[in-house]
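The structure appears below as structure tokens.
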Amino acid sequence: GEGVIYDLRVALYSHLERMSLRFFTNTKIGELMSRLNNDVVGAKNAISNTIVNMITNIVQAVAVLLVMFALEWRLTLVSVAVLPLFILAARRLGGRLRDIAREGMDANAQMNAMMNETLNIGGALLVKLFGRTQVEVDRFDQRAAEVRDIGIHRAVTGATFFVIIGLVSAVGTALVYGIGGYYVIVGAFTIGTIVAFGAYLTSLYSSLSGLANAPVEFATSVVSFERVFEVIDLPRDIEEQPDALVLQDVSGELIFEQVDFRYEVDEKILLSDVQRFGRMDNVTAVLSGGKKTEPSDNGGEREDPITKSQARSQALDHISFHVQPGQLVALVGPSGAGKTTLTYLIPRLYDPSDGRILIDGHDLKEVTLDSLSAQIGMVTQETHLFHDTIRTNLLYAKLDATQAELETAARAANIQDFIMELPDGYDTIVGERGYRLSGGEKQRIALARVILKDPRILVLD
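Right under this line is the structure:
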């Protein structure tokens, strides 16, 4: 079971790390965390518990049946006559528990998404600045109440299943004692045979109950597998060609040829409805916590999931320019003109909708992603630092950098004197997203980090 968790988590994390920026701008991170944690553990139960219990119950049921047949075959046939009732109960309630399990996982994902948004440093700061603490507490209360209610529904449904199984077992036991009593009266066998059968029945029905419960447990565990594999099966929209070129000795010539870019939401690369083998309906993923209402045909209102959209569609329209190696180019324009979008196309965080981008005469789509990343350094508008030391954050650019290289990069970014004045120097913890530092200090550390990388093409957004 632990091996399954390990394999699924690594496969899931590895796939997510290779998804494009478009995927992350359309998916709540808290929901992904829920799949990495809760859903993976749910999938483990099918391996470590359900299968083991099923094998145990099969062995026990077969062994007991053999002994019972050897003891009295007629009573044995009466004992197993109630088996169809076990199967019927499992089929009826198994599907219902599967649906409840899916609802519970969806509700947990929504709750995790909200916690992730409001408990990170940026979200917590926003809540406090606008005085919305009680609003968020109330909103979380609603999400947690939904999780609670679904949990109660699942528990009651599960208890109902075991009540039915207990009732079926009681009916089987009553039949054995009734028919067995009749045979004792007519002298077919002794009272001792019925007493022995009573002991065996307890063991038999316990095994049959476990076997009847196995499909129910599998049904709920399969939901976890579905939610995990839904992510693993998502196609990547930024893919390398099989014969992609490895960039080497790059001079830095950059050409944009009639580049268009549209922010389009491709449903194929997002968490959405997914068809699963052996099922007539679709597995619906959680994309947002809310719903919108629209007028229905009968004059009322109906609820639909909130549609996924971008703030704008056409961001770049026939952009062409030529940057020579060593040349400094400035992109100037108002907010929303597409400057950041253009810079995101250079390291291939997105692919252009039309046109092409060349580096040293090679189309970006024809080169490997790792070799392209090695040639480009970028400082984004929102500087991100890990909750770790200044040294660790700088070493992210060059894992084997020496102390002298770190200090050279820090001097170039005009941050060396500040670092040396700190009590712990390069071993100072910068805090969540670097919030222990000022905005300017974070930017200079980000500059030092990209300088340490020493890329051929440097993009400063």
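Numbering-wise (our numbering), the sequence shown opens with residue 19 and increments by one. Even glycine gets a Cβ: it sits at the ideal position worked out from N, Cα and C. Computed from a prediction, not measured in an experiment: that's the story for all the values here.
Secondary structure note for residue 379: it is in no alpha helix (DSSP H), with a DSSP letter that is neither H nor E. Straight through space, the alpha carbons of residue 167 and residue 398 are spaced by roughly 43 Å. Closest in alpha carbon position to residue 171, among 136, 142, 152 and 116, is 116.
The C-beta distance from residue 396 to residue 468 rounds to 7 Å, short enough to fall under 8 Å.
When DSSP states are grouped into helix, strand and coil, residue 396 belongs to the strand group. For residue 338, there is no enclosing alpha helix (DSSP H); the residue is part of the beta strand (DSSP E) that begins and ends at 332 to 341. Between residue 389 and residue 252, the CB-CB gap reaches or exceeds 8 Å. The DSSP assignment places complete alpha helix (DSSP H) segments of no fewer than 4 residues inside the region 70 to 143 at 91 to 98 and 101 to 137, in order along the chain.
Taking a 10 Å sphere around the C-beta of residue 20, we find fewer than 16 other C-beta atoms and assign the residue as exposed. Burial state of residue 45 is buried, judged by a 10 Å Cβ sphere holding 16 or more other Cβ atoms. Between residue 217 and the set 355, 86 and 176, the nearest pair of CA atoms involves 86. With contacts defined as CB atoms closer than 8 Å, residue 113 and residue 237 qualify as a contacting pair. Annotation note: the region 145 to 208 contains the following uninterrupted alpha helix (DSSP H) runs of length 4 or greater, listed N- to C-terminal: 151 to 203. Shown here, residue 401 sits in coil according to DSSP, grouped into three states, outside any helix or strand. Judged by their CB atoms, residue 48 and residue 133 are nearer to each other than the 8 Å cut-off. For residue 439, the enclosing alpha helix (DSSP H) covers residues 434 to 439.
By the Cβ criterion, the region 373 to 381 is not in contact with the region 405 to 417, since fewer than three pairs of Cβ atoms, one from each stretch, lie closer than 8 Å. Residue pairing for residue 475: DSSP places it in a beta bridge opposite 394. Secondary structure note for residue 275: its beta strand (DSSP E) is the uninterrupted segment 272 to 280.
Shortest Cα-Cα distance from residue 68 to any of 357, 453 and 228 involves 228.
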